[in-house]
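A.B. asks: For the sequence shown, the residue numbers in the working numbering are 29 to 319.
We put the CB at the ideal spot given by N, CA and C, even for glycine.
Since the structure is predicted, the reported quantities are computational estimates derived from the model, not experimental observations.
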Amino acid sequence: MTFICDNPDIRAISFVGSDQAGKYIYERGSKNGKRVQSNMGAKNHGVIMPDANKEATLNSLVGAAFGAAGQRCMALSTVIWVGEAKKWLPEVIARAKNLKVNAGHEPGADLGPVTTPASKKRIIDLVTTGEKEGAQVLLDGRNITVPGYEKGNFVGPTLLHNVKPHMTCYKEEIFGPVLCSMEAETLDDAINIINSNPYGNGTAIFTTNGAAARKFSDRIDVGNIGVNVPIPVPLPMFSFTGSRGSFLGDSNFYGKQGINFYTQVKTISQLWRAEDASAGSQSATSMPVLR
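#1: Whose CA, out of 73, 229 and 38, lies closest to the CA of residue 63?
#2: For residue 230, which beta-bridge partners are listed by DSSP?
#3: Specify the secondary structure class of residue 45 as computed by DSSP and reduced to three states.
#4: For the candidate residues 228, 84, 151 and 158, whose alpha-carbon lies nearest to that of residue 170?
#5: Hey, quick one: how far does the alpha helix (DSSP H) through residue 123 stretch, first residue to last?
#6: What is the rounded straight-line gap between the Cα of residue 205 and the Cα of residue 148?
#7: Does the ligand ATP have a heavy atom nearer than 8 Å to the CB of residue 298?
#8: Since residue 69 and residue 227 should fall inside the 8 Å C-beta cutoff, what is the C-beta to C-beta distance between them, to a whole number of angstroms?
#9: Going by beta-carbon coordinates alone, are residue 233 and residue 241 separated by less than 9 Å?
#10: Any chance the region 45 to 58 sits against the region 206 to 214, with 3 or more Cβ pairs inside 8 Å?
#11: Kindly give me the distance between the Cβ atoms of residue 187 and residue 167, rounded to whole angstroms, as I take these residues to be in contact under 8 Å.
#12: Please state the DSSP three-state secondary structure of residue 101.
#13: Classify residue 201 as buried or exposed, calling it buried when 16 or more other Cβ atoms lie within 10 Å of its own Cβ.
#14: Nearest CA to the CA of residue 42: which residue from 32, 66, 36 and 52?
#15: Under the DSSP definition of a beta bridge, which residues are partnered with residue 164?
#16: Where do the N-terminal and C-terminal ends of the alpha helix (DSSP H) with residue 213 fall, by residue?
#17: Hey, quick one: how far does the beta strand (DSSP E) through residue 38 stretch, first residue to last?
#18: Short check: CB of residue 3 to CB of residue 208, under 9 Å?
#19: What residue does the beta strand (DSSP E) around residue 287 start on, and which one ends it?
#20: For residue 170, name the three-state secondary structure that DSSP assigns.
#21: Short check: CB of residue 230 to CB of residue 255, under 9 Å?
#22: Where residue 82 and residue 113 are concerned, what is the direct C-alpha to C-alpha distance, given to the nearest angstrom?
#23: Would residue 236 pass as a contact of residue 77 if the rule is Cβ separation under 9 Å?
#24: Restricting to Cα atoms, I'd like to know which of 124, 297 and 195 is closest to residue 90.
#25: First and last residue of the beta strand (DSSP E) that includes residue 66?
#26: I need the straight-line Cα distance from residue 142 to residue 293, nearest angstrom please.
#27: How many angstroms separate the CA atom of residue 40 from the CA atom of residue 115?
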């Protein structure tokens, strides 16, 4: 990585990964005059309004929280139930319990293993710390066993409820099949929770109310926003607009910004006159103006 940051032949660096590595690459690469874009950590929130389409919302939430064993930067790792929507919590747990954990190549597997033993330990430690700090473990996947793969790096779907902003499980990106569950009385309260989090990678709101969706989109300080879209990854023609603690740089990925990041702009001014071939020109010290 030092070679990439220091080599003068490499003029731009595009990075996706952890906060620690991203900040180092951005600082060192920028000091060497390179363009750098660092996409880093995330804590993506899904806001559930009580007027949302219940079935579609719960299915979307379970898929976005636990799909790929939670190992994607756009996973909805935190749900905020607004008002009466909190009554849907037991149904989320029931759906998550039905997910099949197995090796990824096995038929019917909904979740595969996490990447490494170290990753599994980190996930389990964060769940345990959350429990010690006061969160309720309503669904516990720490001790799951997969027949035939007893030594695999498996973590089952896990749900921590009554998570608070000061808890370690909320402040850190878990990057595993763990859903942090919070409650808010109003949409304004939910917005304030999200905007107080240091990350600004992605978020989503589930509602059938256009005014609520517009208010959320206008006031939320997050780059990628989904309205009834659980993982709001934009198509390549639009920019991947992570912000705040999730991104360092001047140009985002994808879209026009991504093209401009890899483009060295040149402005060429030319003047061709027939008389230049045979006649000399008089020196002038004023700003040249073409008439």
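C.D. replies: According to the structure shown:
#1: 38
#2: 252
#3: coil
#4: Across the set 228, 84, 151 and 158, the C-alpha of 151 shows the shortest separation from the C-alpha of residue 170.
#5: 117 to 125
#6: 10 Å
#7: Of ligands this structure carries none, so the ligand ATP is not represented either.
#8: Contact flag correct, Cβ pair sits at about 6 Å.
#9: yes
#10: no
#11: 4 Å
#12: It is coil, neither helix nor strand.
#13: buried
#14: 66
#15: 189
#16: Run containing residue 213: none; DSSP gives neither H nor E here.
#17: It is not in any beta strand (DSSP E) - residue 38 carries neither H nor E in the DSSP assignment.
#18: For the chain, the structure presents residues 29 to 319; residue 3 sits outside this window and is missing.
#19: Premise fails: residue 287 lies in the alpha helix (DSSP H), 283 to 289, not in any beta strand (DSSP E).
#20: Coil.
#21: 9 Å or more divides the Cβ of residue 230 from the Cβ of residue 255.
#22: 9 Å
#23: yes
#24: 124
#25: Residue 66 -> beta strand (DSSP E) spans 63 to 67.
#26: Between the alpha carbons of residue 142 and residue 293 lies a gap of roughly 43 Å.
#27: Computed Cα separation, rounded: 49 Å.
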